[in-house]
Amino acid sequence: MWLRCKNPVHCLEAFGKYSKSRWILQTSGLSDTPFKKPKLAPLQERRMIDRRRLWAKGGDGGNGCFSFHRSRHDRRGRPDGGNGGRGGDVILECSSTVWDLSSLQHHIVRRPSLIVANKVDEVGAGEVYEELRRRVGGVKIFRVCAVLGEGVLELKDGLRMLVNGEDSNQLALDNIDVD
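Numbering (UniProt numbering), first residue to last: 1 to 179.
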């Protein structure tokens, strides 16, 4: 049985979004305004992500030492040298404080690193530093002069932050001497 009103198309527009078909009007509510959901809290607006597929890669391990074993009996020599290391390990740590996995990156390739530029007091070190800064990008570069002792304290603070994160009191680097 059809809903009786002067403009049936207007009545159908009110239920168009929410009813599956226009023939199911009898089961829909009899309101002129469409139903609006109540506003959700900010954490309820997005769905919680419980599973995440990650791609993680450890270190390569290096190419090893390239050398030839030469002796007076064998002029050409045979390959002699190391085959490189095993590479870095991927360690997955679970935490009870993380509730949502949406903040994790899909590709995790390397860990945070430090870059140290030594001998900054020599002639031409400025050009080398600028080239290094251009190639590396956004990684912080520590300028250190071991002879004059410049930049050593900043490097120690950077090492503490790299190892400990925000808590810089765990690792004691005060006994490191610069030769």
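Every residue gets a Cβ at the ideal spot worked out from N, C-alpha and C, and that includes glycine. Computed from a prediction, not measured in an experiment: that's the story for all the values here.
Exercise for the section: Identify whether ARG76 lies in helix, strand or coil by the three-state DSSP scheme. Expected result: Numbered from 1 along the sequence shown, position 76 holds the residue referred to as residue 76. Residue state for ARG76 is assigned as coil, using DSSP reduced to three classes.
Practice task
Quickly, what does DSSP pair ALA125 with across the bridge? List them, please.
Solution key: By one-based count along the sequence shown, residue 125 stands at place 125. By DSSP's assignment, ALA125 forms no beta bridge with any residue.
Handout entry: Beta-carbon proximity list for ARG78, same chain, < 8 Å, skipping 5 on both sides
Key = Taking the sequence shown and counting its residues from 1, the one referred to as residue 78 is at position 78. Once the five neighbours on either side are set aside, the close Cβ partners of ARG78 are PHE68, HIS69.
Practice task
Can you tell me which of the three DSSP states GLU93 falls into?
Solution key: Within the sequence shown, the letter at position 93 stands for residue 93. DSSP, read as helix, strand or coil, puts GLU93 in coil.
Exercise for the section: Indicate whether the contact test is met: 3 or more Cβ pairs, each with one atom in the segment 115-130 and one in the segment 86-93, closer than 8 Å. Expected result: Contact fails: fewer than three Cβ-Cβ distances are below 8 Å.
Problem - Collapsed DSSP secondary structure at VAL144 in the structure displayed - result: Position 144 of the sequence shown, counted from the first residue, corresponds to residue 144. Three-state DSSP puts VAL144 in a strand.
Practice task
Would you give the residue range spanned by the beta strand (DSSP E) that PHE68 belongs to?
Solution key: The residue given as residue 68 occupies position 68 in the sequence shown. PHE68: member of the beta strand (DSSP E) spanning 67-69, first to last residue.
Problem - Separation of SER95 from ARG86, as counted between CA atoms - result: Here residue 86 refers to the residue found at position 86 of the sequence shown. Here residue 95 refers to the residue found at position 95 of the sequence shown. Approximately 28 Å between the Cα atoms of the pair.
Handout entry: Residue nearest to VAL147 in terms of C-alpha spacing, selected from ARG72, GLU122, GLY59, ALA56
Key = The count along the sequence shown starts at 1 and reaches residue 147 at position 147. Minimum Cα distance to VAL147 is reached at GLU122.
Handout entry: Contact check, LEU101 vs ARG52, beta carbons under 9 Å
Key = Position 101 of the sequence shown, counting from 1, holds the residue named residue 101. Position 52 of the sequence shown, counting from 1, holds the residue named residue 52. Annotated as proximal: LEU101 and ARG52, with beta-carbon spacing under 9 Å.
Problem - Rounded separation between SER71 and MET161 - CA only - result: Locating residue 71 in the sequence shown gives position 71, counting from the first residue. Locating residue 161 in the sequence shown gives position 161, counting from the first residue. Looking at the two C-alpha atoms, the distance is approximately 50 Å.
Exercise for the section: Can you give me the Cβ contacts of GLU150 inside the same chain, cut-off strictly under 6 Å, excluding the 5 residues immediately before and after it? Expected result: In the sequence shown, counting from the first residue as 1, residue 150 sits at position 150. So the list is empty, once near-sequence residues are dropped.
Problem - Extent of the continuous beta strand (DSSP E) run through VAL116 - result: Taking the first residue of the sequence shown as position 1, residue 116 is located at position 116. Where VAL116 is concerned, the enclosing beta strand (DSSP E) starts and stops at 115-118.
Exercise for the section: Would you mind stating whether VAL144 and LEU159 have Cβ atoms separated by less than 9 Å? Expected result: Here residue 144 corresponds to residue number 144 of the sequence shown, with the count starting at 1. Here residue 159 corresponds to residue number 159 of the sequence shown, with the count starting at 1. Not in contact: VAL144 and LEU159 (Cβ atoms no closer than 9 Å).
Practice task
Identify, in the order they occur along the chain, each residue of the same chain with its Cβ nearer than 8 Å to the Cβ of GLY58, setting aside the five sequence neighbours on each side.
Solution key: If you number the sequence shown from 1, residue 58 lands on position 58. GLY87, GLY88, ASP89, VAL90, listed in sequence order.
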